[in-house]
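Chains as they are written, first to last, in our numbering: chain U, 1 to 513; chain C, 514 to 970. The C-beta atom is built at its ideal place from N, Cα and C for all residues, glycine as well.
Written out as structure tokens, the structure is:
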């Protein structure tokens, strides 16, 4: 593979045949995608979404001693204002320092569009290096330099000798890919190409055998725990706790990475993903380049998923027995803590929307808590989640299924039909359900606990809290309306999807709809 | 004392969006309006996340966030053009989205590739006119490509477009009615409260007020805004372009005043407005009554204000609206000592000069700095107050207060000073109906400043 030899990561449409357009049922989707002939479609009507630049710089804003230089128009990167909250709280919990993320913009203007932005970029890199003295400068490119043809890599190569910071190009031209998960590849690509060299102090003139032995032994029991910002410190702590119980040391990468510690990612026995959609690119790179095998299978959200995640890790180290003991104890304690909640949740209808893996894993968790899954929406689809669909089918049967890069109009239509008791959606993705009066809860927030056994309990507590008093949403729904015409709710929710294969389009209506 | 603008090769943590983002934010606040983006997929999300982090916990409105229709152009459109895709998108949008005014705006990508958006929108408008598309709707467009400037400029581009294309040239002149420009929704987190404060103040003069974005505004008033008698630009920088369009097309005169925060600035606005409209009323009597109410409310504060010695030196960092209005309020009404005023956006020579004039008084002359790097504020302060640790009798900036954005908490921490976020980004406050304009706004600002000082009491 060795994509890292190239200047930028390939888009996921090409590398993984990822897609963003489907409407129907889980079984219908399975029939279609299972045959391996799933081609992506289009929407005649679409709503705004995000591009890879947003999750890309969500990761980058967490990096220690980094200046993030956005090369584009001044609006590219304003998402940093919300990501700064995570940079501040995460920085505090990881490093004990409360500090704003540092981002800059070359703020390309009309003259730059005509004359090119390379000169400005070069001067900006030099000035930022002099003023802030960062260890690294990430140079993130938006759409404009991509269209006007700035040679960003050329500028960086050229100017690297004049600055002390390591320069890391990260290509995030939003118009080039519809799959924003390409962001993870783009950032891993930049970090992997630039920051993995051993630091000077690692080189020893005389190597003592005892030292070497200790190092090798340490390496044999160290795992890379990959986190691209899909979880906060509280979730990292939960997985670290479980891996420590297995007698393993944990090296977390890449969020809140210290540039001087990044090289450690090369000295681990195995890399474990917390979300295959996020990590496959880097896992494969580490294996090819440094012979570090990887486990890329489960997302540890939900009881069974966490059990399986631990089992996989333990199997690698031959510690199956220890794992079963941990699993037994944890499940028992958790089961008792959940008793009351399960009774309360039993039979309540829930609808879930998020990135593919997270949506499916969370739906699994909700099934375990006693909810009935009436619908799932995934932001995109690729090959990694195939197993998750199998798991979910077993626990939840068939239900409405929609693949969409947000597109809340389809969601509004589905929610009006399915009338769930509860909705879980991503950032800026809960207002549709809230305005329809449905109790809603955010499915991802780096300040909250979602992962592992602790996550199951904490989600249960939070959902119980939401369901106990949904007054806010009930009142909002009476006075705030969604911006769709009444006629829309009588239409096929997938009316605007144009599928090349003319796939299934109807939605399974639940009893009362 | 004003410095030459300090120039950088970049903007540090830009405290505004691009022109596209400003236009989108403006449209999201306008009644019964559906923005239609001709843009790459990420533009809407970028602005939604920016509002999420900077606009006092407010994202979008009736049609905002990720619900905004967008053509989501990609590589295909960059190569082959996006006009066809835009036409398809607008037709479906009219079918699907419930609004009266549809405003198509362009982004960097679609503007650079040169899509003829005017032709696309003209065709659709014709279809609406002839009934080929049967919807009770108007459609206009604005070219707001992000590289054109910042969000304040985007507000002016899209407001000008609406005034040109949507306002009704045949509206009869409406006596004593005014349009209020200069407050950019979401860029000013307190936009709702600020507009309401201005409306309330102007209603004291018996005027009919169009503020475009509040619950008291409606599209028909915006359409008839071409019949107003006067435009008030409550900003030294924002909204001027739009005021000029009203003047050019509908011969409506305009006056430019800073954001009226507190009794002195509001009284000035009332006097100027009454004079411009030639109102036959006793303005001074109205002002006197408001002042009486204002100081009656302050009366019980007097003891604690002095007991706790609540007067402060102030550092003000902000956009043109807040840097000017907060500084003037401290000088004219609260009686604090502004020491440093830093403007964090790029301003033209004329803009800087007119602002500098507004902020110089005979006795107190804060240093004015025009520098987009807000993290340099500490540097400017230490120039004014060099450290002389061995000198017992050295002048210091103490007790100090930092008025700025949530990104200036770091400076406040270093100065050991309390802090209040007014200017974008306001990440650390929830804003719903709070505003600082008008007489009452001065009380609110006093409350917030003093509360920050005594928070640990």
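For residue 363 of chain U, the CB contacts under 7 Å within the same chain, skipping 5 residues up- and downstream, are 352, 373, 376, 392 and 396 in chain order. Chain-ordered, the chain U residues with CB closer than 7 Å to the CB of residue 611 of chain C read 483, 484 and 485.
Interface flag for residue 123 of chain U against chain C is set, since a Cβ pair is found closer than 8 Å.
Among the residues of the region 68-79 of chain U, those with a Cβ less than 7 Å away from any Cβ of chain C are 69, 73, 74, 75, 76, 78 and 79, in the order of the chain.
Within the region 888-943 of chain C, the alpha helix (DSSP H) runs of at least 4 residues that lie entirely inside it are, in chain order, 890-897 and 922-928. Within 10 angstroms of the beta-carbon of residue 686 of chain C lie fewer than 16 other beta-carbons, which makes it exposed. With its beta carbon at least 8 Å from every one in chain U, residue 776 of chain C lies outside the interface. Counting only residues of its own chain and dropping the five nearest sequence neighbours on each side, residue 171 of chain U has a CB closer than 6 Å to the CB of 8, 141 and 186. Residue 413 of chain U has its alpha-carbon roughly 11 Å from the corresponding atom of residue 485 of chain U. For residue 695 of chain C, there is no enclosing alpha helix (DSSP H), as DSSP gives it neither H nor E. Between residue 744 of chain C and residue 694 of chain C, the CB-CB gap stays under 8 Å.
Remark: C-beta atoms of residue 702 of chain C and residue 569 of chain C approach each other more closely than 8 Å.
By the neighbour-count definition (other C-beta atoms within 10 Å, threshold 16), residue 289 of chain U is an exposed residue. Distances from the CA of residue 473 of chain U to each of U:99, U:421 and U:461 were compared; the closest alpha carbon is that of U:421. By the neighbour-count criterion, in which a residue is buried when 16 or more other Cβ atoms sit within 10 angstroms of its Cβ, residue 822 of chain C is exposed.
Residue environment for residue 712 of chain C: buried (at least 16 other C-beta atoms within 10 angstroms of its C-beta). When the Cα atoms are used, residue 234 of chain U and residue 549 of chain C turn out to be separated by approximately 40 Å.
Note: residue 525 of chain C is bridge-paired with U:104 in the DSSP secondary-structure output. When DSSP states are grouped into helix, strand and coil, residue 298 of chain U belongs to the coil group.
The contact set of residue 602 of chain C on chain U, defined by CB atoms closer than 8 Å, consists of 44, 45 and 46 in chain order. A straight line joining the alpha-carbon of residue 31 of chain U with that of residue 386 of chain U spans about 12 Å.
Here the alpha carbon of residue 113 of chain U sits roughly 31 Å from the alpha carbon of residue 576 of chain C.
With a threshold of 8 Å between beta carbons, residue 938 of chain C makes contact with chain U. Segment contact: the region 577-595 of chain C against the region 549-562 of chain C, three or more CB-CB distances shorter than 8 Å; contact assigned. Closer than 8 Å to the CB of residue 95 of chain U there is not a single CB belonging to chain C. Residue contact check for residue 541 of chain C against chain U: no CB pair falls below 8 Å.
Here the region 596-611 of chain C does not lie against the region 733-751 of chain C, with fewer than 3 beta-carbon pairs under 8 Å apart. Ranking C:626, C:676, C:725 and C:808 by CA distance to the CA of residue 756 of chain C puts C:676 first.
Under the DSSP assignment, residue 114 of chain U falls in the alpha helix (DSSP H) whose first and last residues are 110-115. Between residue 488 of chain U and the set U:19, U:24, U:22 and U:45, the nearest pair of CA atoms involves U:45.
With fewer than 16 other CB atoms across the displayed protein chains lying within 10 angstroms of its CB, residue 926 of chain C is exposed. Exclusion of the five residues before and after residue 961 of chain C leaves 933 as the residues of its chain whose Cβ lies within less than 7 Å of its Cβ. In this structure, residue 658 of chain C lies away from residue 626 of chain C, with their beta-carbon atoms at least 8 Å apart. About 12 Å separates the Cβ atoms of residue 890 of chain C and residue 881 of chain C, ruling out a contact at the 8 Å cut-off. Chain-ordered, the chain C residues with CB closer than 7 Å to the CB of residue 84 of chain U read 566 and 940.
For residue 526 of chain C, at least one C-beta of chain U is nearer than 8 Å to its own C-beta.
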